[in-house]
Amino acid sequence: MPEPTYHPHTHPHEPIKEIEELPEHVMRLLALGQSLGEKGITVVQDSRFKADELNAKGLTQGVPYFEKRFMAMRAVLSGKKVISESEWEDKRQYLQREISQKGGALGSFELGVMALTRLILKKGTVTQSTLDFNYEKMKARVPMSGAKIVAKAWADPAFKAHLLNNAKKAIMDFNPVLLEPNNGKTIEAWDVTHLEVLENTEKVRNVVVCTLCSCYPMGLLGQSPEWYTKEDYRTRIVREPRAVLKEWGTQVGADVELRVYDSSADVRYLVVPTRPQGTEAHSEEELADLVTRDSLIGVGNALSSYGK
Amino acid sequence: MVDKFSVGAMVRIKTDNPGDVKRVPHYIKGKVGVVQKFRGIIDNPRDHRDERPPLYSVLFSPADIFTEKSENDKVVVDVFEDWMIPQ
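Which chain is which? The protein sequence lines are G and R, in order. The opening residue of the first sequence carries number 1 in my numbering; numbering runs sequentially from there. The opening residue of the second sequence carries number 1001 in my numbering; numbering runs sequentially from there.
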């Protein structure tokens, strides 16, 4: 099946408040991945290699992003003999019959996640309470956290200076909830990766990408938008950043230095966009509403007004 | 922990992988950049199982890397020490 025609940037720089939440079953999947990771069963690296492998075999062509991740997770689990693919398939069919007997219906991805979760719970690999804990944690990771940090940086120069110098420390001092939504009981990748905050000025614009995979400051911005994970963005933004931004309606003056930061497993970046003019009297809350997700990645600007 | 390369030093990125699974983007292999920052060793057990060398933030000019003319653009990549050769 050919990959569907894809436009890398389908959203017109939507404000943080208007970003849709991910579906319940995707959150459940992320919570499951997180819980398995804490047990040391699936580290991110394993899933990444597995995803590359599936991709090289052409098995994930045209498959949506989270379903690809789901395939990679199952491949890691069967590779480690935690569950087999046929066990999972049986469980999925069983659930499908059960649900349709009750007159219900679920999509196959949703059913698949449910089946895998049930199997993992039944085997006792992870517990329901761990799963619930991580589900809440995933749900608490929203791009509004990043917007609040930017609003604070706009309003408070001392905070901004601290943020640019030592981002995680500055955020911990400001509002630790933003960094660790559930006061994490366990260490995970996000807790140990370096976070660097980059300030846009009249002279410099910063843009973030991950050319090797899709590293993203998810603790502060939630899950990445789909275009961020696509080949098109990842290859072009380092080669011709100005052309990409122009296509997306973001003009960058010839006198502005454009810096593209290539994230990795160990370092994540967050951009502080320039503060819109005429917002001197805004409260921090009003300022946060002006921030767009795209502006936190550097490909867009903050809005000059919101609501009113 | 001592940094082998100081900030401002010119470094060339190796073309062949000096380790097993440590990755760098293809587009900087064999290219010259300038060290921006020393990040030290990052212990990240949730992401990778192996111990890794110190990490540096290195600045490149796309004009040197790609054929496109983009003199006012920069690319910043975090590179492991064992990928770097003094220039």
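Idealized CB from N, CA, C, for every residue including glycine.
Proximity of the stretch 255-262 of chain G to the stretch 192-204 of chain G meets the contact definition, three or more beta-carbon pairs being nearer than 8 Å.
Look at G/N206 here: in three-state DSSP terms it is strand. The stretch 106-115 of chain G makes no contact with the stretch 150-161 of chain G, as fewer than three CB pairs between them are under 8 Å. At least 9 Å separates the CB of G/V82 from every CB of chain R.
Judged by their CB atoms, G/P273 and G/V252 are not nearer to each other than the 9 Å cut-off. Collapsing the DSSP output to three states places R/F1080 in a strand. With respect to the 9 Å criterion, G/A151 and G/A288 are classified as neighbours on the basis of their beta carbons.
Beta-bridge pairing by DSSP links R/M1010 to R/V1034.
Here DSSP, grouped into helix, strand and coil, assigns R/F1060 to strand. A direct Cα-to-Cα measurement between G/S304 and G/Q277 gives close to 7 Å. When C-beta atoms of the stretch 1074-1082 of chain R are compared with those of the stretch 1024-1041 of chain R, three or more pairs fall below 8 Å, so the two segments count as touching.
Taking a C-beta cut-off of 7 Å against chain R, the contacting residues of the stretch 262-274 of chain G are D262, S264, A265, D266, V267, listed in chain order. Interface residue (Cβ-Cβ distance to chain G less than 9 Å): R/F1066 is classified as such.
Collapsing the DSSP output to three states places R/K1074 in a strand. The Cβ atoms of R/K1029 and R/V1007 lie no closer than 9 Å to each other. In the structure shown, G/P176 falls within a helical segment according to DSSP collapsed to helix, strand and coil.
The Cβ of G/L258 sits closer than 9 Å to at least one Cβ of chain R. Apart from sequence neighbours up to five positions away, the residues of its chain that approach G/Q128 with a beta-carbon distance below 7 Å are L121, ordered along the chain. G/R239 is the residue among G/S145, G/R239, G/G58 whose C-alpha sits nearest the C-alpha of R/A1063. Not flagged as an interface residue toward chain G: R/S1006, since no C-beta distance is shorter than 9 Å.
Under the Cβ criterion of 9 Å, G/P241 is counted among the residues facing chain R. Distance from G/E85 to G/R74 at the Cβ level is roughly 6 Å; contact confirmed, criterion being Cβ atoms closer than 8 Å.
The alpha-carbon of G/C215 is positioned some 12 Å away from that of G/E226.
Contact annotation: G/G222 and G/L54 have beta-carbon atoms that are not nearer than 9 Å. In the DSSP annotation of this structure, the continuous segment of the alpha helix (DSSP H) that includes G/D132 starts and ends at 128-140. Approximately 16 Å separates the beta-carbon atoms of R/L1059 and R/F1080; this is outside 8 Å, ruling out the contact.
For G/H194, the residues of chain R that pass the 7 Å Cβ criterion are R1039, I1042, in the order they occur in the chain. In this structure, the straight-line span from the alpha carbon of G/K139 to that of G/C210 is close to 23 Å. Here the C-alpha atom of G/R275 lies approximately 40 Å from the C-alpha atom of G/T130. Contacts between R/R1023 and chain G, judged by CB atoms closer than 7 Å, involve L212 in chain order. Assignment of G/P241 by DSSP, reduced to helix, strand and coil, places it in the helix class. Just so you know, the alpha carbons of R/R1023 and G/T279 end up roughly 43 Å apart. In its chain, beyond the 5 residues on either side, V252, L258 have a beta carbon closer than 7 Å to the beta carbon of G/R242. Close partners of G/V238 in chain R (Cβ separation under 7 Å): Y1027, P1062, V1075. The continuous stretches of alpha helix (DSSP H) do not include G/H194, which lies in the beta strand (DSSP E) extending over residues 194-199.
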